[in-house]
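Below is one structure; the comments refer to it alone.
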Amino acid sequence: MNSLSIAVLLGSVRRDRMGSRAAKLVVRELERRGHTVHLVDPLELQLPLLDRMYKEHPKGGAPETLERLAEIYRRVDGFLVVSGEYNHGIPPALKNLLDHFLEEYFWRPSGIVCYSAGGFGGVRAAMQLRMTLAELGMSSVPSLLPIPRIAEAIDENGMAREPIVDRSANRFLDEFLWYAGALAEARTGGTPY
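Quick note on numbering: the sequence shown equals residues 1 to 193 in full-length UniProt numbering.
So, in structure tokens, the structure goes:
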């Protein structure tokens, strides 16, 4: 497989967030496979609450952070979205991060890495997230990477504490990268509009 460029969108800005563990795990594995990874962390970006989408700013007049993100998004072949489950839904910081853009996502797949402190691994939030991602033009691949009891499953450095986490992550990434590669090739021939 050719080297791909992947954006990993971290969905939480909470002080004691666990999503960074899952993000580190997938970033490390993607880099090990020879892919270029762009970690997008809303805590570092400090994006304002959505008032204007990137496309609603005059050309070249968007805040510098949005210009940088748009440039990254236009270059990537796919998006891995790391989402916790907050009250059975997606984190507000993730929704805010996603909603700043639209066309930049088109014709690229997304993969959902979801997690929770409990036994469901964030799958309730993932089902809602699928609808949002499809509406944004980056439909999610069929599989998920759910990580239940994340504090026990992955350490602070993103290393799996249980072999099943690595096995699941590898299967999930195999599928996601297949879609990302297939759509990257298809985009070279143009898109429907």
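Glycine included, each C-beta is placed from N, C-alpha and C at the ideal position.
Given the structure is predicted, the values throughout are model-derived calculations rather than measurements.
CA-to-CA distance, residue j to residue i, given in whole angstroms
i, j, result
"Leu66", "Tyr54", "6 Å"
"His100", "Pro163", "37 Å"
"Asp77", "Ser110", "9 Å"
"Phe176", "Val141", "6 Å"
"Gly84", "Gly189", "36 Å"
"Tyr179", "Pro48", "32 Å"
"Leu25", "Asn157", "8 Å"
"Phe120", "Lys59", "43 Å"
"Leu173", "Val82", "13 Å"
"Glu135", "Tyr193", "16 Å"
Residue i, DSSP secondary structure in three states
i, result
"Phe172", "helix"
"Thr188", "coil"
"Gly60", "coil"
"Ala117", "coil"
"Val8", "strand"
"Tyr193", "coil"
"Gly122", "coil"
"Gly137", "coil"
Opening and closing residue of the beta strand (DSSP E) in which residue i lies
i, result
"Ile147", "Ser140 to Ile147"
"Val82", "Gly78 to Ser83"
Residue range of the unbroken alpha helix (DSSP H) whose run includes residue i
i, result
"Leu26", "Correcting the residue type first, residue 26 is Val in the shown sequence and not Leu. Element bounds for Val26: Gly19 to Arg32."
"Lys95", "Pro92 to Asp99"
"Glu156", "Glu156 -> no alpha helix (DSSP H), and no H or E assigned at all."
Residues bridged to residue i [DSSP beta-bridge criterion]
i, result
"Ile112", "Val81 and Leu144"
"His38", "Ala7"
"Tyr73", "Paired residue(s): none; Tyr73 is not in a bridge."
"Gly89", "Tyr86"
Rounded Cβ spacing between residue i and residue j (contact assumed at less than 8 Å)
i, j, result
"Leu80", "Val113", "6 Å"
"Gly137", "Leu94", "That pair is no contact at about 17 Å."
"Ala70", "His38", "At roughly 12 Å, the Cβ-Cβ gap does not stay under 8 Å, so Ala70 and His38 are not in contact."
"Arg74", "Glu104", "6 Å"
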